[in-house]
Amino acid sequence: MSNINRRDFLKVLGWSSVAVAVAGCGKTSVESGVETVMSYSQPEDFLVPSIGVYYASTCTQCEANCGVTGRVREGRILKLEGNPESAINLGRLCGLGQAAVQHHYNPDRLKEPLLRQGGGLQPTTWENATALLAEKTGDLKGEQFAFLSGGLSGHLKVLVQNYVDSLGSKNLYFYEALTPAVNQSVSQKLYGTATPRFHLDKAQLIVSFGADFLDTWVSPVHFASQYTQFRKATIDKKRGTLVQIEPRMTLTGANADRWIPIIPGTEGVLALGLVNALLKGGIGVKSLPASVVSAVRAYDKERVNKEAGVSGEVFDKLVALLSERSPSLVLSGLSAEGHAHGAQNAAAIMLLNVVLGNVGKTIDAPTRLPFPQLAAEEGNSVALKRFNDSLAGDKFKVVFIYNANPVYTAPAFMKLRDNLKKSEFKVVFTHYLDETAQEADLVLPLDSALEDWGTHVAAYQPDSIELTMQQPLMEKLYPSGTRSLGDVMLDQLKHRRANEYKDFADYYAYLKSALTRNKGAFSGVSADDETFWNQALMHGVLKVKGQEQSISANVVNLDIAQPAPIGDDQYPFHLVPTVRSGFRDGRHANLPWLQETPDSLTTMVWDSWVEIHPKTAERMGIKEGDILEIASKNGSIKTQAYLFPGVQPDSVAIPLGQGHEAMGRYAKDVGVNPFKLLDPVFDKSTGELAMHATRVKVSRTGASVRVVKEEGWSPIVVNTQQGRKLVSTIAVDKANFSKEV
Amino acid sequence: MNHLNKEKDIREDIAWAQINKDVLRSLEKPRPVYWVLFGLALSMFLVGVGCEIYQYQTGMGVANMNNPHMWGLYIATFIFWIGMSHSGTLLSAILHLMHADWRKPIYRFAEAMTTFSLMTAGLFVMVHLGRLWQFYYALPYPNERWTWPNFQSPLLWDAMAIFTYLTSSIIFLYIGAIPDFAICRDNAKGWRKNFYTILALGWMGTDRQWRNFRITYLTVACFLIPLAVSVHSIVASDFAMSQQPGWHVTSFPPYFVAGALYSGCAAIITLFIVLRYTFRFEEYMTMPILDKVARLTFAIAMVWTYLNLIEFASVWYGHDSYSKDLLIQKATGPYAPFWWTMIVCGSIVPFALAIKKFRSSLTIMFIVSLLLNLGMWLERWMIVAPTYSHGYYPWTWDHFQWPSFVQWGMVFGSFGWFGMLFMIFTKLVPSVSMYEVKEMVYHRTLANKESREA
Amino acid sequence: MSTTYMLRDWTKLRETHPQPSPAGGHAEYKWAMAINLDVCTGCNACSVACYAENNLPVVGKEKYAHGQSMHWMRIERYWNEEDVETPHQGAQFLPMMCQQCEAAPCETVCPVGATNHTPDGLNSQVYNRCVGSRYCSANCPYKVRYFNWYDYPEQEMAWPDPLPMQLNPDLTVRSKGVMEKCTFCVQRLTAAKNTARNEGRTVKDGEVTTACAQACPTQAITFGNMVDPYSQVSEKWRHQQVELHKDVQDKDKSGDSGLRGYRVFEELRSYPSVMYLERVRDTKA
Ligand SMILES: Nc1nc2c(c(=O)[nH]1)N[C@H]1C(S)=C(S)[C@@H](COP(=O)(O)OP(=O)(O)OC[C@H]3O[C@@H](n4cnc5c(=O)[nH]c(N)nc54)[C@H](O)[C@@H]3O)O[C@H]1N2
Ligand code: SF4
Ligand code: SF4
Ligand code: SF4
Ligand code: SF4
Ligand code: SF4
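Just so you know, the protein sequences line up as chains A, B and C, in that order. Using the working numbering, you'd call the opening residue of the first sequence number 2 and step up by one each time. Using the working numbering, you'd call the opening residue of the second sequence number 9 and step up by one each time. Using the working numbering, you'd call the opening residue of the third sequence number 654 and step up by one each time.
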């Protein structure tokens with residue numbers, strides 16, 4: 002296996018080679034030489050008809066970068082499975098990751114470059130397109146160029162960076178709508194690292210403030226495997242207890258031993274209340290400077306009750322749990338950090354870890370990556386704001402956009418679509434004609450993630466650092482229609498920095514050379530270049546020799562002060578934009594498996610909905626399926642009501658990801674897009690868009706539909722088990738774990 | 009027979025030739041309403057055919073069935089028609105053995121009902137199949153794959169029972185009509201002559217022929233009765249043998265048979281009135297006979313009600329919470345309007361039959377018979393549907409699945425099909441048994457003579 | 654000849670399943686599962702895996718609205734009856750698919766014998782044979798059978814080009830009018846058995862698993878052969894004292910054992926091959 006030349010493999014294994022001769026008159030595609038027939042009578046020794054062969058690669062569906070193995074048969078990639086060699090996912094794969102094959106085979110993929118001509122986008126050739134790129138950037142001033150990219154790591158990031166540098170531009174923006182950027186900045190201040198390692202498996206108690214680590218947060222598959230260990234009772238450890246505090250129940254919340262609904266934005270108040278109570282109980286007093294100790298005195302049970310809506314009883318239980326169970330782990334998630342005081346909120350929450358002595362036990366420093374140029378740029382929303390502001394100021398003549406759909410994800414108040422128009426030449430590298438591509442002057446279709454080469458270094462590294470390999474799992478579906486961004490960048494760099502890049506025939510050659518030259522940086526690899534390379538591809542994972550670091554907490558300059566709550570009579574509800582594991586920021590909404598997979602909690606499919614607490618709904622006379630208008634100061638959307646007990650009664654929640662105006666048959670005109678509603682509120686410390694700080698009002702439109710959902714249809718409450726023993730629950734102190742294996 | 013009965017089942021002074029004339033007339037020129045009814049039946053049938061073509065090509069999904077609503081109106085209506093088929097057997101076989109003379113003018117069309125409703129029921133088994141084109145997989149025929157159907161499946165018993173019942177009832181109908189075919193033969197001209205000549209099998213009315221005829225007829229009648237009972241017991245097994253709440257009921261077989269006789273009787277009343285009017289059969293289908301049928305219907309209605317109550321009681325006092333849940337659901341849930349209509353039509357409306365004044369009004373009897381049939385149809389639907397919507401597994405409970413127009417269309421069409429067959433039948437076969445009416449008249453004359461002598 | 658075959662077959666039909674032994678009387682293989690509800694998070698990864706592995710069609714919104722979806726593995730979400738208003742103890746998730754009953758109610762009722770108990774202890778579904786009477790589904794207590802209400806491959810939603818290239822050639826794409834359901838990924842089992850047979854042995858524990866078990870991020874699903882007493886799944890069943898052939902487990906007769914293993918609707922005597930382990934909640938939290 003290790004001696005296979007990957008290039009040859011692709012040459013023989015190609016889709017085009019599985020040609021079917023058309024019966025009848027005239028020359029078939031085979032006879033005319035358009036397609037070639039490969040005989041199975043003398044197949045390559047690695048290609049056995051009807052036998053699936055597995056090739057390793059990396060999942061690029063989210064920032065976790067799990068390792069995958071793709072099952073390839075007769076030249077087709079059939080299914081993705083987890084790569085057991087990756088410490089990130091240990092052979093497991095989430096639904097989103099598995100659905101990557103549907104990006105690859107998506108019927109709405111772009112098959113040729115499109116150029117704006119006479120108002121519309123018309124097909125063009127890659128030759129034209131690349132010539133145009135060189136032409137438009139030829140004598141451009143650096144500051145007139147901007148490159149907006151989604152999160153990126155590895156060698157593609159280096160190429161993109163170098164390309165932007167080669168234009169003399171500083172305008173490379175990494176934009177992601179849903180990264181924990183505020184948390185990371187607070188982590189950086191408090192722990193000295195933006196991405197500390199968490200050891201859920203070692204914790205006896207996890208208290209998570211909206212961190213949906215089982216479904217959408219940071220590295221869900223990895224956390225899920227840790228969660229299994231966390232829940233397991235062994236001789237040395239009891240079954241861990243999970244408490245989740247958030248305004249809208251996430252999947253993690255749904256799995257908690259205690260789920261506590263909280264008024265959005267008051268997480269810090271509760272956290273400081275807990276700190277205060279713990280200190281009073283004599284816990285962690287020495288860990289904090291006097292200034293902090295006195296600062297938290299103002300937060301008592303009554304204030305928590307009043308501001309956060311968490312009852313005294315629940316509060317006391319929580320204090321007791323935190324005092325008794327050690328080590329514990331306190332996490333801060335998206336719903337906690339998405340406020341104007343998001344950083345203070347996150348700081349208050351993380352302070353609990355300091356008080357409880359978790360730092361160094363369940364929170365650890367990551368290994369240091371020896372080549373920072375390959376490190377992940379996770380992206381954030383400040384990047385979008387800066388990019389948009391400059392667009393508005395008419396600063397950019399030429400704009401490149403890759404792996405981002407800002408026209409869809411930018412809130413309405415940013416007016417990004419209009420601002421983008423000001424730029425003369427907008428190039429969008431994409432797989433689909435999405436909302437942003439529709440605005441472009443040149444749309445360049447990319448190879449799918451399963452056709453492309455690449456390297457990735459995930460931002461969150463659970464163990465020592467892994468560099469994961471991405472390799473094509475089959476021949477390109479549209480060999481002349483799509484290209485790799487790596488190849489495009491390299492091609493452009495050859496124009497600008499010919500000396501540096503002339504040795505690399507293509508992106509593949511560049512990658513291979515870059516890695517083999519540095520093979521010393523990896524542990525346990527062969528000295529021989531070819532063997533090293535083949536091993537890398539076979540295993541899909543390279544272990545980087547990194548330097549271990551230690552962690553310590555520094556609370557001195559931590560800003561934990563919580564603002565007084567502000568009411569809003571006109572817009573009485575808090576808007577909770579929820580992240581769906583399948584869609585994330587909407588970029589996967591065109592995957593039919595994921596549209597058809599019911600939302601885990603509401604069981605809704607193929608649409609958007611607004612979640613409203615049954616009590617609130619009753620008060621307002623709202624029934625399931627009523628079309629409600631949800632209006633913020635910046636826009637309004639209409640969607641169906643779903644009565645959901647897992648939402649805080651003063652909040653309404655709308656899932657993100659739907660409401661596309663474009664992006665193919667599976668996504669277009671399905672549901673609504675709550676990004677558009679967001680208020681211009683920014684975290685004061687980082688400038689991040691505060692995703693959970695929007696206020697809305699809710700009104701009935703009078704219309705009503707029958708919602709499409711998986712759970713049973715009955716006028717009586719069927720969403721319980723009706724007294725039948727389907728899911729049985731046992732109290733932890735009654736359970737006998739001694740026999741479990 | 010009560011000789012003191014003032015109202016006579018039939019006038020004893022009808023000339024035999026008059027009987028022949030009256031009945032044979034029905035084979036020639038009916039009232040125009042016949043053609044109206046026939047046209048109506050044909051168009052109803054065509055609606056059903058259209059629906060089936062659409063469903064066949066597109067898939068069963070257009071019937072708006074789903075998981076869990078795997079069966080719908082097709083099976084409910086199937087049971088309804090099987091039930092309907094019991095009319096003929098009851099009147100001709102059972103009452104024949106019981107020497108109830110009054111059955112004679114009406115048993116022929118009741119027998120035809122049996123045959124045609126079985127043929128209609130069979131259609132529902134077919135249109136219900138997801139792969140109609142492979143229906144023969146369910147037949148036990150030797151084949152090169154050495155595969156047999158699953159003899160454990162009540163559905164297979166069903167297929168066999170219905171097939172046997174259908175064959176037997178056709179034979180029964182045919183045998184019973186041979187003397188009448190001979191009369192037709194003797195009176196017919198043109199193609200009809202040949203047609204009835206073949207059907208009459210050379211009937212000359214010799215003593216030997218009559219003797220053989222009587223024995224054969226009696227034998228088939230004896231054979232048919234257990235068949236009729238078994239066929240609906242087996243249909244009941246489709247449900248009773250399953251493991252589902254609401255279906256797994258021990259009393260289902262007798263309950264189904266009672267329901268079948270009930271709906272059969274109700275349908276006889278309906279058709280009695282229709283035929284009496286259409287073919288001017290007032291002389292034969294007399295009010296006293298209708299009165300007897302109505303009283304019989306009332307008695308069966310009470311049996312049915314009793315068996316219903318037994319079922320409720322056994323569910324209520326039993327320990328199966330699933331079934332109890334379901335029963336409460338039937339009475340209070342979204343199906344409640346239908347369920348209560350069934351109770352009212354099935355158990356309350358028949359009390360109208362207990363009132364003599366109502367029994368003597370054709371209009372009231374017609375309406376009542378239609379209501380009884382509605383109740384009986386609803387009964388079948390209320391057996392099938394609620395178990396699906398509210399069975400063991402709450403996750404799949406679905407109380408809103410409403411049959412689509414395709415299902416309704418085929419139910420509708422089935423009445424057209426039945427009506428059409430029946431109309432054709434009445435034009436080809438004497439729908440009143442001439443020789444038996446003659447017998448009846450003769451018996452009455454004898455009886456009158458006896459009483460006069462006494 | 655065909656009659657003798659039929660009669661011979663009948664004697665087999667009379668064999669009762671399961672027999673009182675850990676593997677229910679199966680000789681080489683008895684495939685079974687154990688699903689730990691304490692770690693099942695309800696994430697649906699298993700369900701997507703099943704779509705990918707088993708060529709399940711996407712039916713689209715309209716047909717979904719009619720309850721005509723095709724997910725062999727469905728994740729059910731229940732709320733606690735005591736606190737429906739605010740679910741303080743979270744939700745209750747249940748991955749539900751064909752329980753591969755040892756005495757399957759769906760089998761006896763099928764008029765054509767299209768669904769049968771296999772020597773490996775599976776409930777097989779023979780698509781070619783199925784006439785689409787749907788009686789099996791009517792009698793399945795778990796309602797895990799899915800019917801091809803339409804010709805899904807022909808439906809615009811399911812597999813427009815080039816999506817069909819993803820289809821797994823190891824099994825069919827089912828056509829209009831046949832019943833289907835979870836098969837325990839029988840194509841994988843067959844392949845593993847063939848490999849093992851060629852090597853003169855039986856399949857080793859861990860050598861084959863189902864797509865859902867393989868994907869599950871929390872490893873909630875354990876799959877294996879109960880004939881092998883040392884397989885993980887055998888050990889789990891044994892330690893939970895859940896016996897395949899019993900409808901009331903001994904441990905439940907003698908009060909609270911604290912053991913978490915149970916089967917859904919065990920009292921119906923369908924003898925499911927899937928054992929669930931109870932969800933656990935910390936009452937102090
Ligand atoms: N039990 C048993 N086994 C046997 C034999 C036997 O008699 N009995 N005979 C043996 C013999 S002699 C032979 S030749 C083999 C045959 O063995 P196979 O070659 O496996 O036979 P088929 O099933 O006829 O065809 C294989 C597949 O080719 C697909 N196919 C059809 N046309 C095309 C096409 O144009 N292009 C592509 N790519 N695929 C196509 C078909 O759909 C089918 O899925 O079986 C051998 N095995
Ligand atoms: S967590 Fe992210 S990287 Fe991992 S499999 Fe899922 S989508 Fe892919
Ligand atoms: S779960 Fe249902 S489909 Fe599966 S074997 Fe049991 S009865 Fe049959
Ligand atoms: S649907 Fe198919 S498998 Fe099910 S009972 Fe009918 S024929 Fe048998
Ligand atoms: S065992 Fe296989 S067929 Fe069954 S649910 Fe899991 S993946 Fe689907
Ligand atoms: S993949 Fe595992 S954790 Fe997720 S729903 Fe399925 S069984 Fe549960």
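Glycine is no exception: its CB is placed at the ideal position from the N, C-alpha and C atoms.
- Residue range 295-325 is occupied by the alpha helix (DSSP H) that includes Arg-303(B).
- DSSP places Leu-133(A) within a helical segment (H, G or I) once states are collapsed to three.
- DSSP places Tyr-929(C) inside the beta strand (DSSP E), whose first and last residues are 927-930.
- Interface with chain B (9 Å Cβ-Cβ cutoff): Arg-782(C) is included.
- Under the criterion of beta carbons closer than 8 Å, Met-879(C) and Lys-683(C) qualify as touching, at roughly 4 Å.
- Under the DSSP assignment, Asn-406(A) falls outside any beta strand (DSSP E); it carries neither an H nor an E label.
- In terms of beta-carbon proximity, Asn-708(C) stays away from the interface with chain B, with every pair separated by 9 Å or more.
- Each of Asn-674(A), Arg-117(A), Phe-426(A) and Ala-132(A) was checked against the Cα of Leu-494(A), and the nearest Cα belongs to Ala-132(A).
- In chain order, the residues positioned with their C-beta nearer than 6 Å to some heavy atom of ligand 5 are Ala-702(C), Cys-703(C), Glu-706(C), Asn-707(C), Trp-725(C), Met-726(C), Met-750(C), Cys-835(C), Thr-836(C), Phe-837(C), Cys-838(C), Thr-863(C), Ala-864(C) and Cys-865(C).
- Residue contact check for Cys-835(C) against chain A: no CB pair falls below 9 Å.
- Under the 8 Å Cβ criterion, the segment 677-693 of chain C counts as touching the segment 228-244 of chain A, having at least three qualifying pairs.
- Counting along the chain, Leu-116(A) sits inside the beta strand (DSSP E) bounded by residues 115-118.
- Chain-order list of chain C residues neighbouring Asn-256(A): Thr-694 and Gly-743, by C-beta distance under 7 Å.
- By the neighbour-count criterion, in which 16 or more other beta carbons inside 10 Å mark a residue as buried, Thr-875(C) falls on the buried side.
- Distances from the alpha-carbon of Leu-386(B) to those of Cys-353(B), Ala-169(B), Ser-397(B) and Leu-174(B) put Cys-353(B) closest.
- Residue pairing by DSSP places Leu-332(A) opposite Ser-209(A) in a beta bridge.
- For Glu-860(C), the closest of Cys-869(C), Ala-873(C) and Thr-843(C) by C-alpha to C-alpha distance is Thr-843(C).
- For a Cβ distance threshold of 7 Å, residue set Pro-402, Trp-403, Thr-404, Trp-405 and Asp-406 of chain B lies close to Gly-713(A), ordered along the chain.
- Relative to the Cα of Leu-163(B), the nearest Cα in the group Tyr-799(C), Ala-791(C), Arg-798(C) and Tyr-805(C) belongs to Ala-791(C).
- Scanning chain C for C-beta atoms nearer than 7 Å to the C-beta of Thr-66(B) yields Tyr-803, reported in chain order.
- Taking the Cα positions, Pro-262(B) is about 10 Å away from Ser-238(B).
- In this structure Ala-384(A) is in contact with Tyr-176(A), their Cβ atoms being roughly 4 Å apart against a cut-off of 8 Å.
- At a cut-off of 8 Å, the beta-carbon of Val-692(C) counts as near ligand 6: some heavy atom of the ligand is closer than that.
- About 5 Å separates the beta carbons of Phe-426(B) and Phe-124(B), which is inside the 8 Å limit, making them a contact pair.
- When DSSP states are grouped into helix, strand and coil, Val-671(A) belongs to the coil group.
- For Gln-893(C), the CB contacts under 6 Å within the same chain, skipping 5 residues up- and downstream, are Leu-912 and Gly-914 in chain order.
- Within chain C, the C-beta atoms nearer than 8 Å to that of Gly-69(B) come from Lys-716, His-719, Gln-721, Trp-802 and Tyr-803, in chain order.
- In the DSSP assignment, Gly-53(A) falls outside any beta strand (DSSP E), carrying neither H nor E.
- Screening all residues for a C-beta within a distance smaller than 6 Å of any heavy atom in ligand 2 leaves Cys-60(A), Gln-62(A), Cys-63(A), Ala-65(A), Asn-66(A), Cys-67(A), Asn-90(A), Leu-94(A), Cys-95(A), Leu-97(A), Gly-98(A), Pro-221(A) and Val-222(A), in chain order.
- Distances from the alpha-carbon of Gly-455(A) to those of Leu-486(A), Asn-172(A) and Lys-396(A) put Leu-486(A) closest.
- Within chain B, the residues whose beta carbon sits less than 8 Å from that of Gln-722(A) are Pro-402, listed in sequence order.
- Residue contact with chain C for Gln-337(B): absent (no Cβ-Cβ distance below 9 Å to any residue of chain C).
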